[in-house]
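Each protein sequence line maps, in turn, to chains A and B. Per UniProt numbering, the first sequence runs over residues 1 to 478. Per UniProt numbering, the second sequence runs over residues 1 to 478. Think of the CB as a built atom: it goes at the ideal place given N, C-alpha and C, for glycine as much as any other residue. Since the structure is predicted, the reported quantities are computational estimates derived from the model, not experimental observations. Notes follow once the structure below has been shown.
Protein chains: 2
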Amino acid sequence: MEIDSTTCEHGLMGRLFHWAKALSGKIRTNMEVLIERIMKLARDDPRRVVHSFKVALALTFVSLIYYVRPLYDGFGVAGIWAVLTVVVIFEFTVGGTLYKGLNRGIATFSAGGLGLGAIYIASHLGEAEPVFLGFMVFLLAAVSTFIRFFPHIKRRYDYGVLIFILTFSMVAVSGSRVEKIIELANQRLVTIIIGGAACMVVSIFLCPVWAGEDLHKLVALNMEKLANFLEGFGGEYFKLDEEESSGEAGVCSKDKLLFLNGYKSVLNSKASEESLANLAWWEPGHGRFRFSHPWKQYLETGGLIRQCACHIEALSGHLNTDIEVQSEFHKRIAEPCMKVCSESGKALKELASSLRAMKRPSSFSAHIQNCKAAIADLRAALEASSPDSANLVEMIPSIAVGSLLCDISKCVEKISESIHELSDKANFESAKSTQSSHIIHRGSVKPLTGDTRHGNDDNYVHVVVINVNSTSSGASLP
Amino acid sequence: MEIDSTTCEHGLMGRLFHWAKALSGKIRTNMEVLIERIMKLARDDPRRVVHSFKVALALTFVSLIYYVRPLYDGFGVAGIWAVLTVVVIFEFTVGGTLYKGLNRGIATFSAGGLGLGAIYIASHLGEAEPVFLGFMVFLLAAVSTFIRFFPHIKRRYDYGVLIFILTFSMVAVSGSRVEKIIELANQRLVTIIIGGAACMVVSIFLCPVWAGEDLHKLVALNMEKLANFLEGFGGEYFKLDEEESSGEAGVCSKDKLLFLNGYKSVLNSKASEESLANLAWWEPGHGRFRFSHPWKQYLETGGLIRQCACHIEALSGHLNTDIEVQSEFHKRIAEPCMKVCSESGKALKELASSLRAMKRPSSFSAHIQNCKAAIADLRAALEASSPDSANLVEMIPSIAVGSLLCDISKCVEKISESIHELSDKANFESAKSTQSSHIIHRGSVKPLTGDTRHGNDDNYVHVVVINVNSTSSGASLP
């Protein structure tokens with residue numbers, strides 16, 4: 001930014017003007033980027049904006065305790081605790097707010113009582129009073145801090161234990177000095193209850209964000225992400241012409257990148273699923289979720305979905321290898337493999353949509369049966385091929401893909417079983433088709449009842465399945 | 001527990017005695033279980049016990065401010081903030097304590113200043129004072145709450161923003177009533193600094209737990225877990241007799257279960273790695289870690305390790321399938337497959353141990369070269385086999401395992417590259433052998449310099465590798 005001494009007055013002004021212009025342009029660009037990021041954050045989840053206003057509302061409400069004189073005279077300085085309570089316990093989800101609010105309330109109450117007891121004992125000890133109180137603080141702090149390491153406590157009561165240490169120390173420490181401790185404790189408790197109640201009311205009755213519902217949707221979304229990959233993979237890997245490929249594979253290749261990378265987030269979903277399930281535990285019944293909704297079962301289903309995602313990760317490695325010459329064998333197994341892909345994808349989508357609708361999925365899934373039939377076809381194609389040793393090496397990637405697809409179809413079956421268990425535990429409504437499929441199940445030989453909601457009925461392989469109960473039979477390559 | 005009316009006095013006493021005995025036995029069992037769990041928690045990580053005492057110590061220390069009268073007269077009721085500060089900011093790791101302490105300090109200071117400014121303006125507004133202050137609280141609470149959703153802010157400054165809202169609201173709300181606000185703010189700030197300083201000093205100088213070191217060890221441990229699986233898998237899958245299998249596979253089958261399931265925790269390590277890396281960012285240089293240690297690179301390496309774990313998850317599915325008849329082909333590929341397993345396992349262990357020792361791993365790993373040679377052998381075994389169509393079906397699982405092992409060996413190479421990048425960025429010391437291998441690299445044809453630290457040199461395949469730079473050449477099945 002050194003100013004050239006030969007520059008004339010006019011040139012200097014000109015330069016300054018240019019600098020100012022460039023600077024303002026830069027600021028404007030930065031502002032635009034910032035605004036764009038803010039808008040994106042709000043667009044991605046508009047509940048974030050609503051949440052911000054909810055916090056502000058609750059906070060402004062409890063400030064009234066201070067601003068309105070009659071209330072202030074009643075509560076005194078303790079009113080500040082209502083403000084503090086709102087700021088620290090208001091969380092994004094109802095479950096989070098209840099978790100923190102209830103933990104804080106109970107911990108404050110019990111630790112306050114214990115603290116008063118300690119002060120009462122200490123007041124009879126004369127000179128030893130500070131030593132006794134100091135020892136109590138040391139002991140309880142050490143024990144409580146250690147207790148927080150228990151996994152069960154950490155999951156459900158971590159915040160409560162923290163507030164317990166906090167309140168006990170504050171009461172024990174300030175109690176030895178401040179007179180009228182009972183009155184103060186009473187005021188403090190009342191204001192904390194006011195703050196907590198304000199949070200809970202606003203959180204529950206004003207556009208509530210339920211952790212349980214988020215978990216429910218997350219599990220369904222994760223299944224859809226895997227389904228999108230599977231539906232896209234077939235067409236992408238076997239790179240057949242549009243005419244050769246069945247319709248759906250061609251459609252999927254449009255949003256290729258999005259589809260083929262969407263599953264990656266599923267791999268790391270464990271932490272968020274667990275935290276949502278923990279928070280959902282605190283939530284009262286709401287909408288179609290009862291109080292004792294089987295949130296744990298979602299975690300099990302989520303684990304199976306992640307296992308399936310792992311196999312998909314292994315499968316996706318095959319997308320990047322170029323196959324210059326498509327061997328005869330590669331072409332021969334293409335059709336059954338693509339069938340397995342699209343049918344497991346459809347089965348997952350069917351499960352996801354029945355989960356979203358909270359309907360019991362049909363106990364006889366056409367897609368899973370079609371998938372098994374496709375695996376049988378794949379096996380037949382393998383048996384029919386007569387490789388010599390030279391093209392065995394060429395066949396290896398295709399065989400590996402076939403084997404992985406087979407594992408994936410098994411995973412999909414397991415996911416389906418887990419979703420069925422979930423719908424039993426949660427008493428999901430039966431879908432309309434269940435009635436008829438139950439009747440069909442009584443026989444041991446059953447024709448396939450087409451589930452035509454997903455279109456392309458012409459692609460259906462009509463199979464006769466004997467003994468559906470042993471679901472894994474015929475679904476595995478040797 | 002209904003008492004039978006025909007029971008005589010003696011019988012009743014006898015029953016009561018038995019009940020009491022049973023009850024005391026139950027209580028004793030429960031206590032024993034509890035004590036066992038506490039002992040396990042402490043044994044698993046003795047730093048937990050130390051941490052509990054550290055918190056208690058810091059808390060008792062700041063309580064002194066209250067108990068010692070001269071100090072109390074100086075600080076007044078504000079001393080309670082020192083206690084509060086210690087309880088909420090003392091975290092398990094140094095990074096966590098610094099993160100919370102610095103965030104709290106800076107947020108309290110800036111929000112306090114802003115709050116005082118707001119009060120000053122409000123005091124000139126007369127009647128509109130509470131309206132103005134209420135509006136300011138509403139506005140700042142809404143904006144700050146929204147800001148917490150930015151991923152970058154959430155990672156580094158979440159707690160600071162929370163304390164900012166808290167402090168501003170408290171100052172703005174109480175400031176409109178309490179006189180001598182500046183003096184109070186001053187006292188409060190001093191006590192918070194005392195509390196924060198006590199935490200930081202105890203946290204850093206008394207048995208410190210460094211988040212960065214934990215991250216460093218976690219990454220090394222995860223590699224070792226994968227290595228254990230790989231070393232155990234070969235012997236387990238190919239179920240060869242002790243005589244046939246190479247020594248190390250036989251040794252590994254001892255702690256089979258532990259080894260073969262250890263990798264599962266690696267799959268879900270992302271959340272803990274990220275949180276440790278975020279906390280490590282706050283830590284000053286310590287021991288062999290400088291202030292600007294490349295923590296981000298650990299996350300990248302961790303991602304590659306998880307990718308490898310995913311392939312291993314797919315591989316582990318093959319352990320559960322029973323192979324009744326071991327085909328000729330299965331036996332033929334057993335040796336190269338087991339070689340790939342054990343060599344990639346050893347390569348990972350070598351990388352882990354060099355990471356632990358913070359040494360630059362030798363840029364020419366014998367194990368990775370052996371692994372490539374084994375894959376070439378596997379390929380040769382495939383080419384030599386002449387399957388007819390019947391046993392092609394039998395061969396599929398073995399081929400799938402071979403293909404997965406090949407993917408895994410590629411993953412191991414990527415991990416190795418990432419660890420090399422890490423040692424460059426972190427300026428790890430060179431290991432002694434590097435010097436010689438650098439010299440060897442100048443030629444284009446290099447004999448293998450045996451790294452015999454891991455024993456069984458007799459098993460080494462001596463290969464001649466041409467053009468080491470294109471590391472992936474020859475490492476992949478077609």
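Leaving out five residues before and five after residue i in sequence, what residues of the same chain have Cβ atoms less than 6 Å from its Cβ?
i: Phe61(B); result: Ala198
i: Glu129(B); result: Ala122
i: Val137(A); result: Ser169 and Ala172
i: Cys207(B); result: Val50
i: Gly285(B); result: Phe291
i: Val55(B); result: Phe90
What residues of chain B sit near residue i, judged by a beta carbon separation below 7 Å?
i: Cys337(A); result: Per Cβ cutoff of 7 Å: no residues; Cys337(A) is ~13 Å from chain B at best.
i: Phe149(A); result: Leu41 and Arg48
i: Gly317(A); result: Asp407
Of all the CB atoms in chain B, is at least one closer than 9 Å to the CB of residue i?
i: Asp407(A); result: yes
i: Val55(A); result: yes
i: Lys199(A); result: A small fix is needed here, since residue 199(A) is Cys in this sequence, not Lys. Not an interface residue.
i: Pro447(A); result: Summary for Pro447(A): the model assigns pLDDT 36, below 50, so the residue's position carries little reliability; its value from the coordinates is reported in the next sentence. Answer no: the Cβ-Cβ gap between Pro447(A) and chain B never drops below 9 Å.
i: Cys371(A); result: no
i: Cys310(A); result: yes
Please say whether residue j and residue i have beta carbons closer to each other than 9 Å?
i: Thr167(B); j: Ala107(B); result: yes
i: Ile399(B); j: Ala400(A); result: yes
i: Val86(A); j: Ala58(A); result: yes
i: Glu343(A); j: Cys371(A); result: yes
i: Glu283(A); j: Leu299(A); result: no
i: Leu404(A); j: Ala314(B); result: yes
i: Phe205(A); j: Leu319(A); result: no
i: Ala211(A); j: Leu276(A); result: yes
i: Asn278(A); j: Tyr99(A); result: yes
i: Ser416(B); j: Val340(B); result: no
i: Phe164(B); j: Ser110(B); result: yes
Could you tell me which chain A residues have their CB closer than 7 Å to the CB of residue i, listed as they occur along the chain?
i: Asn268(B); result: Lys270
i: Ile165(B); result: Val87
i: Val190(B); result: Chain A residues near Val190(B): none, gap ~17 Å exceeds 7 Å.
i: Cys207(B); result: What Cys207(B) touches in chain A: nothing, since even the nearest Cβ is about 14 Å away.
i: Thr60(B); result: Gly134, Val137 and Phe138
i: Ala141(B); result: Val55, Ala56 and Leu59
In chain order, what residues of the same chain lie with their CB nearer than 8 Å to the CB of residue i, ignoring the 5 residues before and after it?
i: Pro294(A); result: Leu422, Lys425 and Ala426
i: Ser418(A); result: Gln297, Glu300, Thr301 and Leu304
i: Leu267(B); result: Arg306, Ala309, Cys310 and Glu313
Mind listing the chain B neighbours of residue i? Cutoff is C-beta to C-beta under 9 Å, in chain order.
i: Ile399(A); result: Leu392, Met395, Ile396, Ile399, Ala400 and Ser403
i: Met170(A); result: Ile80, Val83, Leu84 and Val87
i: Val412(A); result: Those do not exist, as Val412(A) stays about 14 Å from chain B at its closest Cβ, beyond 9 Å.
By the criterion of Cβ-Cβ separation under 8 Å, what are the contact partners of residue i in chain A?
i: residue 480(B); result: Residue 480(B) lies beyond the stretch modelled for chain B, which goes from 1 to 478, so this question has no answer here.
Which residues of chain B have a Cβ atom closer than 8 Å to the Cβ of residue i, listed in chain order?
i: Arg379(A); result: Val393
i: Pro130(A); result: Tyr67
My assumption, with CB atoms under 8 Å, is that residue i sits in contact with residue j. Please give the rounded CB distance.
i: Leu226(B); j: Ile312(B); result: 6 Å
i: His367(B); j: Ala352(B); result: So it is not a contact: roughly 12 Å between Cβ atoms.
i: Gly115(B); j: Ile193(B); result: The Cβ separation is near 18 Å, so there is no contact.
i: Leu378(A); j: Cys337(A); result: 6 Å
i: Arg360(B); j: Ser430(B); result: 5 Å
Measuring only between beta-carbons, confirm whether residue i sits less than 9 Å from chain A.
i: Leu114(B); result: no
i: Ile181(B); result: no
i: Arg37(B); result: yes
i: Val94(B); result: no
i: Ser63(B); result: yes
Under 9 Å Cβ-Cβ, which residues of chain A neighbour residue i?
i: His51(B); result: Thr145, Phe146 and Phe149
i: Leu162(B); result: Val87 and Val88
i: Ser174(B); result: Tyr66, Val77, Gly79, Ile80 and Val83
Short of 7 Å in beta carbon distance, which residues of its chain neighbour residue i, apart from the five on each side in sequence? Order them along the chain.
i: Phe92(A); result: His51 and Val209
i: Gly101(B); result: Ile89, Gly196, Cys199 and Met200
i: Ser63(B); result: Val83
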